[in-house]
Structures are given as structure tokens and as C-alpha cells.
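Residue numbering for the sequence shown follows the numbering used here, starting at 44 and increasing by one per position.
All C-beta atoms in this analysis are idealised placements derived from N, C-alpha and C, irrespective of residue type, glycine included.
Here the structure is laid out as C-alpha cells; the discussion comes afterwards.
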Amino acid sequence: MKEKITEIKNQLQTKISQVKTLNELNDVRIEFLGKKGSITELSNYMREIPVEEKKEFGSLLNTIKNEANEILNAKKEELENIELQKKLNYETIDVTLPGTKLSVGGTHPLTKVIDEIEELFVSMGYDVVEGPEIEQDLYNFEKLNLPKGHPARDAQDSFYITDEMLLRSQTSPVQARTMDANLEKTPIRVICPGKVYRRDDDDATHSHQFTQIEGLVVDKDISLADLKGTLEILAKKLFGEEREIRFRPSFFPFTEPSIEVDVSCFKCGGVGCPICKETGWIEILGSGMVHPNVLRGCGYDPEIYTGFAFGIGPERVAMLKYGIGDIRSFYTNDLRFLSDFNRVEGGE
């Protein structure tokens, strides 16, 4: 039996010396160590060997198995090194060649404006609050001092789903929900960004879907002076430190008094140009003091608490700030527009 083991070992070494590829090596491994391999079948002789020789035979069998694995593994490493060297020789890289230019994305102009406004108000102690886009009529209109039959509730202006559910036409419902949910009726300071929906014909300056950021402050002794100071900070942050604002009387059902806010033209400095239609001023948002009916409807005593609210359209800010002429550019996913904007952004 020793002679048989020696013969198999010599055969293995001969086969190994002839192997040129990893596939050939795997065939040799199967031939000798597979389920029907020469070395594996030696175990079948164990039953024929006298008891006193079984221990010695078992030791020889384990030895040849270990030696066979060592020989095969060494040959495998040798062949792998040869293959690696071939790749290194034939797959050289010229590091002096220019690299492949990869397209790199950038921040969408609308997202940039929203982030900039959120960052400003968070630094002033405001919370960022969001709410559902499918809203109850109760919060979208009634709690905002828009009773049944009010012209602003017309189905031509809003997307109604049922008589009592609609796609929100403003982010003001988030303000109403925030006041309603504040059971202790403590002071509130929030901004509410999000998408809103209105029945409108899409053109260069109008869209049936757009975004709003509304702000709300409710506390004791809040006045128009607080509103003006806040909006001055906002205008300077968005359009430059030299900007000034002015208030014009207006009307919104949920504020009293209501105010339209203009910013001095950042293009001409107030002299007059096509952007400001030669007036020196650009309208940027609506605002006002929270109507007592709104405070009362959300559980706040208007004899104790006052507040201000404002709403700004990020699309309008982005169009003014970056010279974008068509609101539809924000939503059409035109890579030409986005890459051009990223180029401009990188040059700032």
C-alpha cells in the first residue's frame, strides 16, 4: 500500500509540472482530491488492511492529502502571479492622459432659495413646520377667516377632492394647525415651506403647482414694527445689504391690517429699470398682523396675544435673484437650464 501511495504522489507531481492554466489545475485537483479522485479512493482500502496497520495507513493517507493540497495551492499561487504579471504588462495606464470629465450635479435654484430662507429663520429661533398637501376645508379656509361662500373658495381657484377636502391652495393651513395643536397656547414662531396648488393656466409667470414659505409669530405685544424688522432682515439676506423695503396697504382675509411688501430694486438701486418696471421697487411678498378672528378660531385670546404672518414665493425670489425668465423652467427638468444655472452658481 505504501508503494501505491508513492505512485499516486509521483503522478500528482508529474501532472502539476504540466499544468499551464488555472482551469487545468482545477482538473488535476478533481482528478486526485475529488469525490472519485485517486487520493480520495485510497480510503476504500482501509477495510482491507489488518487492524494493526490501520493507524499507520491512516497517518500516510492524511499526509498525502495535506501534501497534495500544499502542492496544488502553491501551483495556484504561482499561476495567479503569472496572470497578474501579464495584466500589468499589457494593461498599462498612461497617467499623463487627461481624465474623463464627469457630469456633476448641483443644487436646484429653487431648493437653494428655500434652504437659504430656512437657514435664516432657524438662526432667528423659528421652527420649520410642515403639513399635509391634501387639506381639510376647515384649515385651508374656515380657520383662516374665509367663511363659506367667500370668493377665494371658488372651485375655479382650488382643486377640490370632495366638498370638505382639497389640495391646499396655500401653506397657511400649517399655521392654523400649529396654533390649534398648541394646547398650552404658548408663543409661536414658525415658518412653513411646501407645495401648494391652484387652478391656473401655466405660462411664464404662473403655474398650477408652486411653492410657498409662510411665517407666523404669535406672542404678547407683537406689532408692525416687529414685522418690518423681520422682513428687512429677510430682504437684505436675499437681495443684498443695501436693500430697503416699503409697506403698501392691501387686503387678505386672515390679516388686519394687511400689507404688500416691496424691496428696492437690486438691479438699478432704485433708479428705475425694466426689472422694476421703472419704479425702483419690486413686490416680493404679502404680510400683515394676524386677524383676531384667526387667533380666536385657533384658541388664542386676541385681547392677550397678537401676531404677524407673511408669505413669500421662492419661485419669484429665484426668478428675480438669478434672472430666470420662465417659472416653468423649475419643473421641466431641462438639463440645459440646470447645467447653465450650475455654471452661473459656480461663478459666484
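Item, Value
"Unbroken stretches of the beta strand (DSSP E), 3 residues or longer, contained in the segment 199-242", "208-210, 231-240"
"Arg-395 in three-state terms, based on DSSP", "No information on residue 395 is available, as it lies outside the stretch 44 to 391 that the chain covers here."
"Under 8 Å between C-beta atoms of Ser-212 and Arg-241", "yes"
"Inter-residue CB distance, Glu-358 and Phe-373 (contact presumed, cutoff 8 Å)", "6 Å"
"Cβ separation of Asn-336 and Asn-188, assumed to be a contact under 8 Å, to the nearest whole Å", "5 Å"
"Alpha-carbon spacing of Pro-190 relative to Phe-184, whole angstroms", "7 Å"
"Residues that Phe-295 bridges to, as DSSP identifies them", "Thr-298"
"Beta-carbon proximity of Ala-352 to Glu-275, cut-off 8 Å", "no"
"Among Glu-162, Asp-344, Leu-104, nearest to Glu-227 - alpha-carbon criterion", "Asp-344"
"Closest by C-alpha distance to Arg-72, when choosing among Pro-292, Ala-117, Glu-95, Tyr-348", "Ala-117"
"Proximity of Gly-331 and Ser-301 at Cβ, strictly below 8 Å", "yes"
"Beta-carbon contacts of Ala-111 that lie in its chain and below 7 Å, excluding the five residues immediately before and after", "Leu-55, Phe-75, Leu-76, Ile-82"
"Residue from Lys-320, Ile-265, Glu-321 whose Cα sits closest to the Cα of Tyr-348", "Ile-265"
"Own chain, CB closer than 6 Å to Arg-291, minus 5 neighbours either side, in chain order", "Glu-303"
"8 Å Cβ cutoff met for Val-239 and Thr-221", "no"
"8 Å Cβ cutoff met for Phe-282 and Phe-309", "yes"
"Rounded C-alpha distance that separates Ile-92 from Lys-52", "20 Å"
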